[in-house]
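To start, the structure under review is shown below, and the notes come after it.
There are 2 protein chains.
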Amino acid sequence: MISVIIIGAGNVASHFYKTFKTAETVSVTQWYNRRLNAIETYQNEVEITDDIKALKPADVYLIAVKDDAISHLSSQLPFEDRLVVHTSGSIGVHDLDKKLKRGVFYPLQTFTKDADVDFSTIPLCIETINKADYQTLKTLGEAIGCKTYKVNGDQRKALHLAAVFVNNFTNQLYRVAHEITESEGVEFEILKPLITETAKKVQDISPYMAQTGPAKRNDKKTIKKHLKLLNNEHHKAIYKLLTASIQKTHGRQKL
Amino acid sequence: MISVIIIGAGNVASHFYKTFKTAETVSVTQWYNRRLNAIETYQNEVEITDDIKALKPADVYLIAVKDDAISHLSSQLPFEDRLVVHTSGSIGVHDLDKKLKRGVFYPLQTFTKDADVDFSTIPLCIETINKADYQTLKTLGEAIGCKTYKVNGDQRKALHLAAVFVNNFTNQLYRVAHEITESEGVEFEILKPLITETAKKVQDISPYMAQTGPAKRNDKKTIKKHLKLLNNEHHKAIYKLLTASIQKTHGRQKL
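Residue numbers (the working numbering), protein chains in the order written: chain R, 9 to 263; chain Y, 9 to 263.
This is how it looks when you write it as structure tokens:
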């Protein structure tokens, strides 16, 4: 049995709490937040506290607060030499106070407040300073069904950055597509199966192999037609830059 | 029963042939291609020909050839007043020879040569010049399990353009993410669940509502960190442009 204390009350903290509660080999000893009202709903099923001095012993302290608050919070902890992890993609393990045994427990997924999360589909990136702690975190990750990966600080930062491309930027391309279809009064709905298929394709083959379309085959006629259709200068700039990017990747001449 | 003759031998033609063959209410009368060897494999199950003068009567002639060849091919057809459709997203219905009853039968999906296609997930965009022909094409689309949409020429062109954003450009963002993770020796694998989830999210909520991340919340510190991490000027340009695009959409100040 691994005992965990959760620190913070945001999306990530809440989703971890819920999955820890259902895991047979994990017990949640306490849940700390500096404002109690954010976690009051759970007071009948777990001990809650807003007093950092009242934190009990536990195998793992999981800090899931805003990036900017992690370092200061770790220095406030009223103990030494216990395993404390944060859950951030962009903060280093050394940003935790050095009096502690330190680690990172970073779930690479997008969490939505009210939607349930299936942890069995979430890759968990683990880093620790001590080797022995790595095994504890790996066991904890597996207890909630995650696939765990050993990822160092530079690698985690690269993943966090790459995640912005495949999540935020991709979603913005969906948004631009929505604006384009809306301007002609045609349903965005029609594009949804293509969005699904595009994401599905790269589960099995590399994005390089999956590429198709006018930019890849250097179909200047279609590219010209598309640029003429785009009357939004911003959309046009994105079209040009990503067309050039595809042509660079696939060894075509520049636009 | 609707009788169809297929013209062309590329991905789209082959996938349509296979699905028409399995549909109970569709019969494939003939398959034409200017080079017989491309369709020879099928000669025991369907009549094949490379002689355009030998085309038989049928309810629908489906032209699935390269965009540039559609217009000329339609003018070569040795008959008038029969229903001829092309399957292209970017070619107008009027590019077909005016001696014919003309229409468009455009499946909005990405077709891969060897992968089987599930037509029940494919939106089929239909346009016809005569109202009566519209019903024939709708029935044909439904016979192979497609959801059909009435889409005019301008709308179809907008969809074809928007498809480049959600398919080719999105795939290129996956590629950039692959390059970023590879440069740190970390597995692209780890990003795959996030790619799936990002595509899944916009099936239910709009891309506008689905957006998260540093650009949307104007988290300048993280954006600065990311730009510093990117040493590829091309990746940096994409990061800047799409961050500015998100900020424009969500009313944040410019980068």
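Idealized CB from N, CA, C, for every residue including glycine.
Rounded Cβ spacing between residue i and residue j (contact assumed at less than 8 Å)
i, j, result
"Lys69 of chain R", "Ile134 of chain R", "Note that residue 69 of chain R corresponds to Tyr in the displayed sequence, not to Lys. Contact doesn't hold; Cβ gap of about 15 Å is too wide."
"Ser11 of chain Y", "Thr37 of chain Y", "5 Å"
"His94 of chain R", "Ile71 of chain R", "5 Å"
"Leu63 of chain Y", "Ser82 of chain Y", "Not really, about 12 Å apart at Cβ, beyond 8 Å."
"Phe127 of chain Y", "Gly97 of chain Y", "That pair is no contact at about 17 Å."
"Ile99 of chain Y", "Ile78 of chain Y", "5 Å"
"Tyr182 of chain R", "Pro215 of chain Y", "4 Å"
Proximal residues of chain R, C-beta to C-beta of residue i below 8 Å
i, result
"Val101 of chain Y", "Residues of chain R passing the Cβ test: none, with the nearest at roughly 16 Å."
"Leu169 of chain Y", "Ile188, His234, Leu237, Leu238"
"Thr230 of chain Y", "Asp75, Ser98"
"Thr257 of chain Y", "Gln180, Arg183"
"Ala166 of chain Y", "Ile188, Thr189, Ser191, Glu192, Val194, Leu237"
Option in the options with minimal Cα separation from residue i
i, options, result
"Leu116 of chain R", "R:Ile231, R:Lys158, R:His243, R:Lys228", "R:Lys158"
"Asn179 of chain Y", "Y:Thr27, Y:Ala77, Y:Gly161, Y:Thr206", "Y:Thr206"
"Asp122 of chain Y", "Y:Val20, Y:Val112, Y:Lys209, Y:Glu187", "Y:Val20"
"Lys256 of chain Y", "R:Gly259, R:Lys208, R:His243", "R:His243"
"Tyr114 of chain Y", "Y:Ala151, Y:Ile137, Y:Thr129, Y:Thr156", "Y:Thr156"
"Phe87 of chain Y", "Y:His102, Y:Ala66, Y:Tyr247", "Y:Ala66"
"Phe173 of chain Y", "R:Val112, R:Gly161, R:Val172, R:Thr189", "R:Thr189"
"Leu132 of chain Y", "Y:Glu55, Y:Ser253, Y:Gly111, Y:Ile56", "Y:Gly111"
"Asn240 of chain R", "R:Met9, R:Gly259, R:Glu187, R:Lys208", "R:Glu187"
"Phe28 of chain R", "R:Tyr142, R:Thr49, R:Val54", "R:Val54"
"Leu138 of chain Y", "Y:Val73, Y:Leu85, Y:Asn160, Y:Ile130", "Position check: residue 138 of chain Y holds Asn in this sequence, whereas Leu was assumed. The residue with the shortest Cα to Cα distance from Asn138 of chain Y is Y:Asn160."
"Asn176 of chain R", "Y:Lys209, Y:Thr136, Y:Ile198, Y:Lys74", "Y:Lys209"
"Lys229 of chain Y", "R:Asp76, R:Ile56, R:Ser35", "R:Asp76"
"Asp103 of chain R", "R:Lys233, R:Thr136, R:Thr129, R:Met9", "R:Thr136"
"Thr120 of chain Y", "R:Ile213, R:Asp162, R:Ala252", "R:Ile213"
"Asp89 of chain R", "R:Lys106, R:Ile130, R:Leu238", "R:Lys106"
"His258 of chain R", "R:Leu85, R:Ile130, R:Lys233, R:Asn226", "R:Asn226"
"Lys233 of chain R", "Y:Thr49, Y:Thr118, Y:Asp162", "Y:Asp162"
"Asn130 of chain R", "Y:Ser35, Y:Ile198, Y:Ile56, Y:Thr49", "The sequence shown places Ile at residue 130 of chain R, not Asn. Closest by alpha carbon: Y:Ile198."
Within chain Y, the residues that residue i reaches when beta carbons sit closer than 8 Å
i, result
"Gly193 of chain R", "Gln163"
"Gln219 of chain R", "Asn176, Asn179, Gln180, Arg183"
"Pro222 of chain R", "Val172, Asn176"
"Gln211 of chain R", "Lys200, Ile203, Thr204"
"Ile246 of chain R", "Phe173, Phe177, Leu249, Leu250, Ser253"
Residue j beta carbon less than 7 Å from that of residue i
i, j, result
"Ala292 of chain R", "Ala170 of chain Y", "Any answer about residue 292 of chain R is impossible in this case: the structure gives chain R only from 9 up to 263."
"Gln211 of chain Y", "Lys200 of chain R", "yes"
"Ile203 of chain Y", "Lys224 of chain Y", "no"
"Val125 of chain Y", "His23 of chain Y", "yes"
"Leu91 of chain Y", "Asp141 of chain Y", "yes"
"Leu235 of chain R", "Leu249 of chain Y", "no"
"Ala252 of chain Y", "Ala151 of chain Y", "no"
Listed by chain order, chain R residues near residue i by CB distance under 7 Å
i, result
"Pro131 of chain Y", "Ile198, Pro201"
"Glu205 of chain Y", "Gln117, Thr118"
"Val174 of chain Y", "Leu181, Tyr182, Ala185, Leu199, Leu202, Ile203, Thr206"
"His242 of chain Y", "Ser253, Lys256"
Under 7 Å from the C-beta of residue i: neighbouring residues of chain Y
i, result
"Lys233 of chain R", "Ser98"
"Phe177 of chain R", "Leu181, Leu250"
"Tyr216 of chain R", "Arg183"
Partner residues on chain Y for residue i, Cβ-Cβ distance less than 9 Å
i, result
"Gln84 of chain R", "Within chain Y, no residue comes near Gln84 of chain R; the closest Cβ sits about 21 Å away, beyond 9 Å."
"Ser79 of chain R", "Near Ser79 of chain R there are no residues of chain Y at all, since even the closest Cβ is about 13 Å away, more than 9 Å."
Within chain R, partners of residue i - CB distance below 9 Å
i, result
"Tyr157 of chain Y", "Val194, Glu195, Glu197, Ile198"
"Ile254 of chain Y", "Asn176, Phe177, Asn179, Gln180, Arg183"
"Ile152 of chain Y", "None at all; the shortest Cβ gap to chain R is about 14 Å."
Checklist entry - Quick one: any contact between the region 187-194 of chain Y and the region 162-178 of chain R, if contact means 3 or more CB pairs under 8 Å? => result In short, these stretches touch, since the Cβ pair count reaches three.
Next on the checklist: Could you check whether the region 142-157 of chain Y touches the region 206-223 of chain R, counting it as contact only if at least three pairs of C-beta atoms, one from each stretch, sit closer than 8 Å?
Outcome noted: These segments do not touch.
Checklist entry - Is the region 39-48 of chain R close to the region 15-25 of chain R, with three or more CB pairs under 8 Å? => result Judged by Cβ distances under 8 Å, the region 39-48 of chain R makes contact with the region 15-25 of chain R, as three or more pairs qualify.
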